[in-house]
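Chemist: Residue numbers (our numbering): 58 to 268.
By construction, the Cβ of each residue, glycine as well, lies at the ideal position given by its N, Cα and C atoms.
Because the structure is a prediction, the values reported are computed rather than measured.
Following this message is one structure expressed as structure tokens.
Okay, structure coming up:
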């Protein structure tokens, strides 16, 4: 599998990239400029870690000897290391990160012959999504600890915004309540704690304003 391809040749096979430049991905979000800058910086660090792991995965795939547990553990450790430099990693977040590492392995096994799953684009897509997941959780915990009492959902309104996220845009509720997004309940964008459907979470760039 991919035996005669270089890593650059493998990446050239990936069409319809899923990731965005970080400046666009985070820059279009309804966030203070310093928050955008921080997320970009974290995403760059996380992308570099994930890219090293993806490159190792590709090398293993070329020899048809993938050590999936080694890859999974490196994903978990790298994610924890980078995010832990910026936010407090509580039990919920550490459990989520472990689950994420298993999800990455499961999806790789299901799509083991598809170039995207060994690509730079995947590393970047993982990084930009996971920064929002981790930071959104941390900001919610901080807001609660600081005594904030209300929150407002802020959606990006463009041609790809999910209808459910358009409908919730500007919704203002008590901080301890959950937003009803489609058929899911979420404390904040990309929240998984209440069992939200993946279709409401993946690649979501909505944000929250606390008061």
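Does the count of Cβ pairs from the segment 104 to 118 and the segment 219 to 227 closer than 8 Å reach three?
Modeler: The segment 104 to 118, when compared against the segment 219 to 227, does not touch it at the 8 Å Cβ threshold.
Chemist: Since I believe residue 75 is in contact with residue 163 (beta carbons under 8 Å), could you give me their beta-carbon distance rounded to a whole number of angstroms?
Modeler: With a Cβ gap of about 18 Å, residue 163 and residue 75 do not count as contacting.
Chemist: What's the call for residue 70, buried or exposed, on a 16-neighbour Cβ count within 10 Å?
Modeler: Residue 70 is exposed by the Cβ-count criterion.
Chemist: Which term fits residue 99, buried or exposed, when burial requires 16 or more other beta carbons within 10 angstroms of its beta carbon?
Modeler: It is buried - the Cβ of residue 99 has at least 16 other Cβ atoms within 10 Å.
Chemist: Whose CA, out of 92, 97, 147, 151, lies closest to the CA of residue 182?
Modeler: Per the Cα distances, 97.
Chemist: Would you check if the distance between the CB atom of residue 206 and the CB atom of residue 231 is smaller than 8 Å?
Modeler: Their beta carbons are under 8 Å apart, which means residue 206 touches residue 231 by this criterion.
Chemist: Are the beta-carbon atoms of residue 107 and residue 135 separated by less than 8 Å?
Modeler: Yes; because the gap between Cβ atoms is below 8 Å, this pair is in contact.
Chemist: State the Cα-Cα distance for the pair residue 144 and residue 195, rounded to the nearest angstrom.
Modeler: Roughly 6 Å separates the two Cα atoms.
Chemist: So, under 8 Å CB-CB, residue 216 and residue 239 are touching, yes? Tell me the CB distance rounded to an integer number of Å.
Modeler: Wrong, their Cβ atoms sit about 19 Å apart, outside the cutoff.
Chemist: Going by C-alpha distance, which of 234, 65, 89, 166 is nearest residue 121?
Modeler: Residue 121 has its Cα closest to that of 166, out of 234, 65, 89, 166.
Chemist: Per DSSP, residue 237 forms a beta bridge with which residues?
Modeler: For residue 237, which the question treats as bridged, DSSP gives the partners 242.
Chemist: Taking the straight line between their C-alpha atoms, what separation do you get for residue 93 and residue 110?
Modeler: Going by the C-alpha atoms only, they are around 26 Å apart.
Chemist: Starting from residue 116, follow the alpha helix (DSSP H) in both directions and report where the run begins and ends.
Modeler: Segment 90 to 119, the alpha helix (DSSP H) holding residue 116.
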